[in-house]
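First residue of the sequence shown? That's 713 in our numbering, and the numbers climb one at a time after it.
No residue lacks a Cβ here, since even glycine has one placed at the ideal position from N, Cα and C.
Since the structure is predicted, the reported quantities are computational estimates derived from the model, not experimental observations.
Below is one structure, written out as structure tokens; comments come after it.
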Amino acid sequence: MNTQDGTLRRPATAARPEGAGRAGREDLVKVWDPLVRIFHWSLVAGIAVAWLTADEWDRAHEWIGYAVGAFIVIRFVWGFIGTPFARFAQFVKGPRQTLAYLGRILRGRAERHLGHNPAGAAMIVALLTTIAGTVLTGWMMTLDAFWGVDWVEDLHEVLANAILVLVALHVAGVFHASVTHRENLVRAMITGRKRRDP
713 MNTQDGTLRR PATAARPEGA GRAGREDLVK VWDPLVRIFH WSLVAGIAVA
763 WLTADEWDRA HEWIGYAVGA FIVIRFVWGF IGTPFARFAQ FVKGPRQTLA
813 YLGRILRGRA ERHLGHNPAG AAMIVALLTT IAGTVLTGWM MTLDAFWGVD
863 WVEDLHEVLA NAILVLVALH VAGVFHASVT HRENLVRAMI TGRKRRDP
């Protein structure tokens, strides 16, 4: 059963449909809409290209920054008007619930969520905020008012490095959840589909 917050719980009397193995089509449900998937992989590519062009191709780096900023704005809007699993109200939890979920992860008792779990939601907020700050400080560096200002350049660099740390934690979390709940979350972000049953 899919509860209101996206947590999956199987009723005691429920049985897996006959012939619905782990790879069975009838066992899959659409979770991630095309915009969420395109945003995710475009952001991955944009961040990678931004890093590769940071010291060598200033103009390309600048335009990639604008593109990444546009991605962030679109995702922010979609978080309020998009499909159910894309909305922030569906998956973003408060600090208490997030910390409690992290505690259950450490104890090996974290429940599976059809959409983002509370830890994944916190990571999304952290990544969006950090990337937006990096884009903002990068744009500020192109303005006469902030041209050559040390604190803006330093903050831009700190935020850019923080993105790398967050990405590493995100990948580790995806790997952990995939192993723990026996599902391929990378494939789910490509196909948009996840296993319905826990």
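Specify, as a first and last residue, the run of the beta strand (DSSP E) that residue i falls within.
| i | result |
| --- | --- |
| LEU848 | Element bounds for LEU848: not the beta strand (DSSP E) but the alpha helix (DSSP H), 830–852. |
What three-state label does DSSP hand residue i in the structure shown?
| i | result |
| --- | --- |
| LEU818 | helix |
| HIS825 | strand |
| VAL741 | strand |
| GLU895 | coil |
| ARG808 | helix |
| ARG905 | strand |
| LEU755 | helix |
| LEU747 | helix |
| ARG734 | Confidence at ARG734 is low in this model, with a pLDDT of 46, below 50, so the placement of that residue is unreliable and no value is reported for it. |
| TRP863 | helix |
| ASP856 | helix |
| ALA900 | helix |
| ALA762 | helix |
Within 10 Å of its beta-carbon, does residue i have 16 or more other beta-carbons around it, so buried, or fewer, so exposed?
| i | result |
| --- | --- |
| ALA801 | exposed |
| PRO830 | buried |
| TRP863 | exposed |
| ILE695 | Any property of residue 695 remains undetermined from this structure, which presents the chain solely from 713 to 910. |
| THR892 | exposed |
Could you give the residue range of the alpha helix (DSSP H) that holds residue i?
| i | result |
| --- | --- |
| PHE792 | 770–793 |
| PHE803 | 800–803 |
Is the CB of residue i under 8 Å away from at least one CB in chain C?
| i | result |
| --- | --- |
| ALA838 | In summary, chain C is missing from the structure at hand, where a single protein chain is found. |
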